[in-house]
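Beneath this line is the structure, given in C-alpha cells, with notes to follow.
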Amino acid sequence: LEFQRADYLAVAYPDEGVALRQAGIGLPIMVMNPAPDDLALLQRHRLEPQIYSFDLLEAYLQTFGAPPPTNNSLTHSSTHSLIESGPKIHLKLDTGMRRLGFGRADVPALAALLRQHGPERLPVAALLTHLAAADDPAHDDFSRAQLAEFDRMSAALTAALGRPVLRHALNSAGIVRFPQAQYDMVRLGIGLHGVDVTAAPAGAVGAPTPGPAAPTLRPVSTLKTTISQIKTLPAGHTVGYGRRGAATDGPRRIATLAIGYADGYDRRFGHGVGAVRLHGALAPVVGSVCMDMVMVDVTHIADARAGDVAEVFGPGQPLPALAAAIGTIAYELLTNVSERVKRVFVSE
Numbered sequence: 267l268e269f270q271r272a273d274y275l276a277v278a279y280p281d282e283g284v285a286l287r288q289a290g291i292g293l294p295i296m297v298m299n300p301a302p303d304d305l306a307l308l309q310r311h312r313l314e315p316q317i318y319s320f321d322l323l324e325a326y327l328q329t330f331g332a333p334p335p336t337n338n339s340l341t342h343s344s345t346h347s348l349i350e351s352g353p354k355i356h357l358k359l360d361t362g363m364r365r366l367g368f369g370r371a372d373v374p375a376l377a378a379l380l381r382q383h384g385p386e387r388l389p390v391a392a393l394l395t396h397l398a399a400a401d402d403p404a405h406d407d408f409s410r411a412q413l414a415e416f417d418r419m420s421a422a423l424t425a426a427l428g429r430p431v432l433r434h435a436l437n438s439a440g441i442v443r444f445p446q447a448q449y450d451m452v453r454l455g456i457g458l459h460g461v462d463v464t465a466a467p468a469g470a471v472g473a474p475t476p477g478p479a480a481p482t483l484r485p486v487s488t489l490k491t492t493i494s495q496i497k498t499l500p501a502g503h504t505v506g507y508g509r510r511g512a513a514t515d516g517p518r519r520i521a522t523l524a525i526g527y528a529d530g531y532d533r534r535f536g537h538g539v540g541a542v543r544l545h546g547a548l549a550p551v552v553g554s555v556c557m558d559m560v561m562v563d564v565t566h567i568a569d570a571r572a573g574d575v576a577e578v579f580g581p582g583q584p585l586p587a588l589a590a591a592i593g594t595i596a597y598e599l600l601t602n603v604s605e606r607v608k609r610v611f612v613s614e
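Add 266 to the 1-based position in the sequence shown for the numbering used here, that's all there is to it.
Right, here's the structure in full:
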C-alpha cells in the first residue's frame with residue numbers, strides 16, 4: 267500500500283501499528299480503538315489515535331503535559347516544563363452507527379475544548395464517521411441522513427478549529443454506493459481484497475458471484491493448500507473424528523489436505539457444505555474439519571495426486587459464495603486465516 271502511494275493507513279489496535287513501524291512503514295497510521303494507557307506508546311511510534319470520547323480526550327490532554335508558562339523567564343533550573351507535543355488526533359463522530367464516537371449533543375462541549383486548547387494541545391488531523399449500512403439499499407435514507415449529520419457536526423467543529431481538516435466517512439461499500447460523499451479521503455477495507463460487499467452473494471459454493479456494482483474490483487487473495495495423502499475408502503468404511511465421513515454408496519477416493527480450523531478453515535464447511543477446487547473441479551469436504559487437516563472427496567478427479575495444490579478461496583472460489591454457504595460474511599473468512607498460514611505477496 268505504501269508502494270502504491272496510499273496516503274494513510276488505519277489499524278484497529280496499537281500493536282498492529284507498532285508492527286508496521288517495526289517493518290519500516292513510514293506512512294501516517296491512524297489507530298481506531300486506542301485505550302488511555304496506549305497514548306504514550308502511540309507517540310513513541312508516531313501513531314495517531316482516534317479520539318472517540320471525552321474520557322479519552324482528557325487522557326490525551328493529561329498525557330501530554332500542562333500548557334507552558336506564559337512568561338519568558340524560564341531557565342534551566344525552572345520547575346516548569348514545556349508542553350510535550352502529542353501525536354495528531356482523529357475525532358470520531360457518531361452519526362448513527364452507535365458504537366464509538368461523539369454524538370450530536372457532545373458537539374458544543376467538544377467545540378469549546380477545541381477552542382480552549384488550540385492546535386498546539388489538540389492537533390486535529392481529521393474528522394470522521396462510519397456508515398452503518400452503506401451496503402444495503404433498504405437503508406439508503408438512513409445512510410444519507412448520517413452523511414447530512416456528519417456535514418452539520420463537522421462544520422461546527424471546523425468552525426471551532428478555525429481551519430480546515432481532513433474529513434472522511436466512506437468504507438468500501440460507501441465508495442461504491444455514495445461516491446458524492448468522498449470528502450477528502452475514503453477508507454478502503456475489504457475492497458482491497460477485490461470483494462464487493464454491495465453485490466448479492468452467490469448461494470452455492472463454487473458458483474460465480476453476480477456481477478459487481480464496481481467492475482474494477484477483482485479478487486487479489488487466494489488461499490491454497492496441498493494434498494498430503496490420498497486413500498481409497500471402501501464402501502461402508504468411515505474417515506475422520508467421530509466416523510462422521512462415510513463411504514455410503516461405494517468406494518471413494520479421499521484426499522487429506524494440509525489445512526484445518528487452526529488455520530482458519532471454518533468447521534461449518536464440514537460434511538459437504540464446503541469444497542475446494544482441484545484440477546478445475548470441486549472436491550467436497552468429507553466428515554468434520556479437523557484442527558490441522560480436512561478430508562475431501564476426489565473420486566471424480568482422476569488426476570488428483572499427493573502434493574497437488576487445492577484452492578480454498580480465490581478466483582475459482584469466490585469469498586462471498588463461500589461465506590453465504592455457512593451463513594457468514596467474507597470479512598470473517600479473511601480475518602480467520604491464522605498467522606501460521608504463510609503469506610506470499612505477488613506484484614503484477
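A virtual CB, placed ideally from N, CA and C, is assigned to each residue, including glycine.
Given residue i as reference, the closest of the options once Cα atoms are compared
i: Y326; options: Y274, E386, A285; result: E386
i: K608; options: L489, G582, Q270; result: L489
i: L413; options: A404, R429, R433, A425; result: R433
i: G546; options: A524, G536, D569, V555; result: D569
i: A447; options: Q495, R310, S487, H396; result: H396
i: T424; options: F444, L376, Y279; result: L376
i: Q328; options: A589, D360, H383; result: H383
i: P403; options: L388, A439, T514; result: A439
i: L588; options: L548, Y507, I567; result: L548
According to DSSP, residues forming a beta bridge with residue i
i: H396; result: In DSSP, H396 forms no bridge with anything.
i: D563; result: I520
i: V607; result: DSSP lists no partner for V607.
i: A512; result: T504
i: E577; result: K490, R543
i: Q316; result: H356
i: M296; result: A276, E314
i: I240; result: Residue numbering for the chain in the displayed model covers 267 to 614; residue 240 lies beyond these limits and cannot be assessed.
i: R433; result: L393
Presumed contact (8 Å Cβ cut-off) between residue i and residue j, rounded CB distance
i: D372; j: T492; result: With 8 Å as the limit, D372 and T492 do not qualify as a contact, their Cβ atoms being about 54 Å apart.
i: G580; j: V555; result: Not confirmed; about 19 Å, so no contact.
Short Cβ contact (7 Å threshold) for residue i with residue j
i: I456; j: Y597; result: yes
i: T647; j: M559; result: Lying outside 267 to 614, the shown extent of the chain, residue 647 is not represented and no answer is given.
i: R484; j: G502; result: no
i: M298; j: A272; result: no
i: R534; j: G582; result: no
i: A426; j: R381; result: yes
i: S409; j: A400; result: yes
i: L357; j: L393; result: yes
i: A398; j: G362; result: yes
i: K354; j: A391; result: yes
i: I595; j: D532; result: no
i: L293; j: E268; result: yes
i: R518; j: T565; result: yes
i: F330; j: G352; result: yes
i: Q316; j: M296; result: yes
i: P280; j: D304; result: yes
Any non-hydrogen atom of the ligand COA closer than 6 Å to residue i Cβ
i: R310; result: Questions concerning the ligand COA fall outside what the structure shown contains, since it holds no ligand whatsoever.
7 Å CB neighbourhood of residue i in its chain, flanking five on each side removed
i: V505; result: L499, G511, I520, V552, G553, M561
i: A480; result: Note that A480 has pLDDT 48, beneath the 50 cutoff, so the model's placement of it is unreliable and the number below is only indicative. These residues qualify, in order along the chain: V442, D462.
Close Cβ partners of residue i (< 8 Å) along its chain, the five nearest in sequence each way excluded
i: S604; result: A528, D529, G530
i: G516; result: A501
i: E314; result: P294, I295, M296, V297, L308, P353, K354, I355, H356, A391
Sequence-distant residues of the same chain with beta carbon closer than 6 Å to residue i, five excluded per side
i: L366; result: Y318, K358
i: P550; result: G538, A541, D563
i: R287; result: H311
i: D360; result: G367, G369
i: N602; result: G530
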